[in-house]
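S.K.: -19 is the number of the first residue of the sequence shown in the working numbering; add one for each residue after it. Glycine included, C-beta positions come from ideal geometry on N, C-alpha and C. Everything numeric in this text was worked out from a predicted model, so none of it was measured.
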Amino acid sequence: MNQHSRRDIFIIGFALFSMFFGAGNVIFPPYLGMGAGPSWVTGFLCYYLADIGLALLALFSMFRKGGADPIISPIGKLPSTLLLCAIVLCIGPMLAIPRTAATTFEMSVAPLTSSINTVVFSMLFFILVFAFTVRETSVVDIVGKILTPLLLLGLLVLIVKGIITPLGDFSAVAQASDVAANGIKAGYQTMDVLATMLFGELILRTTESKGYVEHTQKRNVAFKSGLMTGFIVLLVYGGLTYLGATVSDIYDLSISRSNLVLSIVRGLLGQKGTILFAIVVALACVTTAVGLVSSCANYFSSLSKGRLSYSLLVGIICAFSAVVSNVGLDQLVSIAAPVLDIVYPPTLVLIALSYCKPLGLPVYRMATLGALLFSLLATLPPYLGLEISFLKALPLASLGFGWLVPSAIFALLGLIVSRLTDAKTAG
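1) Can we say the segment 354 to 362 touches the segment 382 to 390, given the rule of at least three CB pairs closer than 8 Å?
2) I need the boundaries of the alpha helix (DSSP H) containing S301, first residue and last residue.
3) Suppose you measure from the CA of L242 to the CA of T98; what does that come to, to the nearest Å?
4) Given a cut-off of 8 Å on the beta-carbon distance, is the pair C70 and L(-4) in contact?
5) Can you tell me the Cα-Cα spacing of L149 and T221, whole angstroms?
6) Do the segment 77 to 85 and the segment 307 to 326 make contact, defined as three or more Cβ pairs closer than 8 Å?
7) Would E86 be called buried (16 or more neighbouring beta carbons within 10 Å of its own) or exposed?
8) Judging by CA-CA distance, which residue of L352, P318, A316, I(-11) is the nearest neighbour of L330?
9) Please work out which residues of its chain come closer than 8 Å, Cβ to Cβ, to P91, disregarding the five sequence neighbours upstream and downstream, and give them in chain order.
10) Kindly indicate which three-state DSSP category L330 falls into: helix, strand or coil?
11) Pick from G(-7), I(-11), L395, V6: whose alpha carbon is nearest that of V266?
12) On the three-state DSSP scale, how would you describe Q155?
13) Is it a yes or a no for the segment 234 to 249 touching the segment 28 to 42, going by three-plus beta-carbon pairs under 8 Å?
14) From R399 to V343, what distance separates their C-alpha atoms?
15) Which residue from I230, P361, P54 puts its Cα closest to that of Y419?
16) Buried or exposed: which applies to T348, given that a residue is buried once 16 or more other Cβ atoms fall within 10 Å of its Cβ?
17) In whole angstroms, give me the CA-to-CA distance for V140 and E367.
18) Since P54 is in the alpha helix (DSSP H), which residue starts that stretch and which ends it?
19) In whole angstroms, what separates the C-alpha of L223 from that of I235?
20) Mark T113 as exposed unless 16 or more other C-beta atoms lie within 10 angstroms of its C-beta, in which case mark it buried.
21) Is T170 helix, strand or coil when you go by DSSP?
22) Count the other C-beta atoms from every protein chain shown that fall within 10 angstroms of the C-beta of G286, then say buried if there are 16 or more, exposed otherwise.
23) Leaving out five residues on either side along the sequence, give the residues of the same chain with a beta carbon under 8 Å from the beta carbon of A48.
24) Which residue marks the beginning of the alpha helix (DSSP H) containing P91, and which one marks its end?
25) What residue from I212, C298, R246, L341 has the CA that sits closest to G33's CA?
26) By alpha-carbon positions, which one of F280, L75, V245, L371 ends up nearest to S301?
27) Determine, using beta carbons only, whether R184 and K204 come nearer to each other than 8 Å.
28) What is the rounded straight-line gap between the Cα of P59 and the Cα of V227?
29) Given S151, which residues of its chain have a CB within under 6 Å of its CB, disregarding the five upstream and five downstream residues?
30) Nearest-angstrom Cα distance between V303 and Y28?
31) If you follow the alpha helix (DSSP H) that L215 is in, where does it begin and where does it stop?
32) Considering only the beta carbon of each residue, do A154 and G247 sit closer than 8 Å?
33) Once you ignore the five residues that flank V89 on each side, which residues in its own chain have a CB closer than 8 Å to its CB?
34) Drop a sphere of 10 angstroms on the beta-carbon of K165, count the other beta-carbons inside from all chains shown, and report buried for 16 or more, exposed for fewer.
35) Give me, in chain order, the residues of the same chain whose beta-carbon lies closer than 6 Å to that of I142; leave out the 5 immediate sequence neighbours on both sides.
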């Protein structure tokens, strides 16, 4: 591998890390570590696997297939379009993009000054995001060369200080009732698996723009960039989860996620540290917002067959996200939970099936239907005051994967239908 390729791998890997490491990645690991206490390693591993582990699985599948569409399309044109639109809206202007601004305000601006209200801040935030995003071809280079090194430096200062001089000791027992399940659910909340379905497209286009046209060459650069991203995230997530565990004997689960992080920062670095972390959070959220806005605008521009231009959509997404961000961080997290519990399972099923040989349309549709149906049954009834007791008895239900076995059974039924159809056609 030549020097040029190594340089591109580092730039793309850094950019991919900073796109992943956004609002959720700042606030979820410390809170998870605090709740897990002495079991923080278990919580961290479950969180990492449910977040970046699954995200890398999706990313590598996209590199193999050449994009998100080949992964989703086996269920049919209309269902795949609807699912991709739902994914884009979740990680775009409905939830994830506004959350980047809300997190930045609550953790970077509010602790330092009360002279700026949320409306003014959201406008300024998305004007900056618009400026970084409006030229599509420059997004990855801006993020990878400039913003990510600053982000990593700030995170390393905080983590190393917390390891050398921890604020406290681990609690005797975990505060959370189910550390593993909490880790998985926190991994869901970051939305990184869904974000990968669009970030992967951006990375593939970037490798092409850097001269890697051959499929093998392009996949090799993208694959190594993904591995680099996974390693950096492993270190950062582990460090932040550990910091949370060190204060598990000081705070309890009643503290908000943002206040916990701010308390840890003040305890380790003082008021100057709060300013440093404010910059770190702002960088993390801006880089993620840049990647999400660019990816969403590109998707909807392609969906409209160019009738809606990329730059116009960037402006619309930024304006809409600025309005939604004023709902507030905790409210956005609460809203995201049930939506993600419904959208994630069918997406994960299709990602897993993408590693299999072609199985026939009935298999893909039935497996996706099973995942969607049981995720709906598990998610919606509690909000309607209902309870479906048998769902709790399903394998892996306590970990949030109660839909997995039903999806496999539905896939088997689809395979039987596919084989019978093939036999009838052959006959």
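M.R.: On the basis of the coordinates in this document:
1) Output reads yes: the segment 382 to 390 touches the segment 354 to 362.
2) According to the DSSP assignment, S301 belongs to the alpha helix (DSSP H) that extends over 290 to 304.
3) CA-CA distance, L242 to T98, rounds to 19 Å.
4) Contact check for C70 against L(-4) fails: the beta carbons are separated by 8 Å or more.
5) With the sequence shown as reference, residue 149 is identified as Asp, and Leu is not the correct amino acid for it. T221 has its alpha-carbon roughly 14 Å from the corresponding atom of D149.
6) Below 8 Å, enough C-beta pairs join the segment 77 to 85 and the segment 307 to 326 to call them touching: three or more.
7) In this structure E86 is buried. Its beta-carbon is surrounded by 16 or more other beta-carbon atoms within 10 angstroms.
8) Shortest Cα-Cα distance from L330 to any of L352, P318, A316, I(-11) involves L352.
9) Same-chain partners within the cutoff: L242, T254, A258.
10) In this structure, L330 counts as helix in the three-state DSSP scheme.
11) Minimum Cα distance to V266 is reached at V6.
12) Secondary structure of Q155 (DSSP, three-state): coil.
13) Result no; under three Cβ-Cβ pairs closer than 8 Å.
14) Taking the straight line joining both Cα atoms gives about 10 Å.
15) Here the chain has residues from -19 to 407 only, and residue 419 is not among them.
16) T348 sits buried, since 16 or more C-beta atoms from the chains shown fall within 10 Å of its C-beta.
17) One alpha carbon belongs to V140, the other to E367, and they sit about 46 Å apart.
18) In this chain, P54 is not harboured by any alpha helix (DSSP H), its DSSP state being neither H nor E.
19) Approximately 15 Å between the Cα atoms of the pair.
20) By the neighbour-count definition (other C-beta atoms within 10 Å, threshold 16), T113 is a buried residue.
21) Reduced to three states, the DSSP call for T170 is coil.
22) With a 10 Å radius around the Cβ and a threshold of 16 neighbouring Cβ atoms, G286 comes out exposed.
23) Correct list, in chain order: M42, L64, M177, L178, G180, E181.
24) Careful: P91 lies outside any alpha helix (DSSP H) and carries neither H nor E.
25) The shortest C-alpha separation from G33 is found at I212.
26) Closest by alpha carbon: L75.
27) According to the sequence as given, residue 184 is Leu; it is not Arg. Cβ atoms of L184 and K204: not closer than 8 Å.
28) Cα to Cα, P59 sits roughly 46 Å from V227.
29) Here the set comprises G17, S228, D229.
30) Approximately 31 Å between the Cα atoms of the pair.
31) Run containing L215: 195 to 225, per the alpha helix (DSSP H) assignment.
32) Contact: no.
33) Listed in chain order, the non-local C-beta contacts of V89 below 8 Å within the same chain comprise I96, F101, A258, local neighbours out to five positions each way being set aside.
34) K165 counts as buried, since no fewer than 16 other beta carbons sit within 10 angstroms of its beta carbon.
35) According to the sequence as given, residue 142 is Gly; it is not Ile. Excluding sequence neighbours, G142 sits near L223, L248.
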